[in-house]
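Colleague:
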Amino acid sequence: MTVPSPALLDTSVVIDLESLDQADFTGEQTISSITLAELISGPHATDDPLERAARLERLLRIESLMNPLPFDVEAARAYGRVYAATRHANRKPRGARVMDLLIASVAMAHQLPLITRNPEDVAHLTAIGLAIHVV
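As numbered in my numbering, residues 73 to 207 make up the sequence shown, in order.
1. So, valine 154 versus serine 177, is the Cβ gap smaller than 7 Å?
2. Have a look at proline 140 and aspartate 172 and give me their C-alpha separation to the nearest angstrom.
3. If contact is defined by three or more beta carbon pairs under 8 Å, each pair taking one atom from either stretch, is the stretch 132–139 in contact with the stretch 151–169?
4. Should serine 104 be labelled buried (16 or more other beta-carbon atoms within 10 Å of its own) or exposed?
5. Helix, strand or coil: which one does DSSP assign to glutamine 101?
6. For glutamine 101, does the count of other Cβ atoms within 10 angstroms reach 16, so buried, or fall short, so exposed?
7. Taking C-alpha atoms, which residue in Ala181, Pro185, Asp93, Glu192 lies nearest to proline 142?
8. Three or more C-beta pairs closer than 8 Å, one from the stretch 185–196 and one from the stretch 146–163: is that the case here?
9. Taking C-alpha atoms, which residue in Arg163, Val85, Gln183 lies nearest to phenylalanine 97?
10. Taking all protein chains shown into account, do 16 or more other C-beta atoms lie within 10 angstroms of the C-beta of glutamate 110, making it buried, or fewer, making it exposed?
Written out as structure tokens, the structure reads:
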């Protein structure tokens, strides 16, 4: 299934990118600065030197291929809607979920579909206009 273009990839997609069908990623996709932050922290989150090296390699490859969209004022405004929709769905907009919600806010601010491997994290945001594509 071809990924929409342009589109924003969430961290779950970037982490699994090598195992996904590359023919699906023919257009213009990018990441957010939030995903970049998660990738930068990744090598520091493991004590396994082989895993650390793999995470660092992934980070360097993604940095060389993509120009991240910033979490800017428009994304901050979108986050207000994301936060409200998350609470309305009886979900807590805190903890580990925050990064996913911030990434979704960047997608909304730039009117881009969000490409994810974890649709359950953001499915409730379709109610406020977020387009989601699952790979």
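C-beta: ideal position from N, C-alpha, C; glycine also.
Keep in mind the model is a prediction, meaning the values are calculated, not measured.
Modeller: Quick look at the numbers:
1. Taking C-beta atoms as the reference points, valine 154 and serine 177 count as a pair closer than 7 Å.
2. The straight-line gap from Cα to Cα measures roughly 15 Å.
3. The stretch 151–169, when compared against the stretch 132–139, does not touch it at the 8 Å Cβ threshold.
4. Counting the other CB atoms within 10 Å of its CB gives serine 104 a total of 16 or more, which places it among the buried residues.
5. It is a strand residue.
6. Looking at its Cβ environment, which holds 16 or more other Cβ atoms inside 10 Å, glutamine 101 is buried.
7. Taking only the C-alpha atoms, the option nearest proline 142 is Ala181.
8. Contact between the stretch 185–196 and the stretch 146–163 is established, with three or more Cβ pairs separated by less than 8 Å.
9. When only C-alpha atoms are compared, the closest one is Val85.
10. Buried is the call here.
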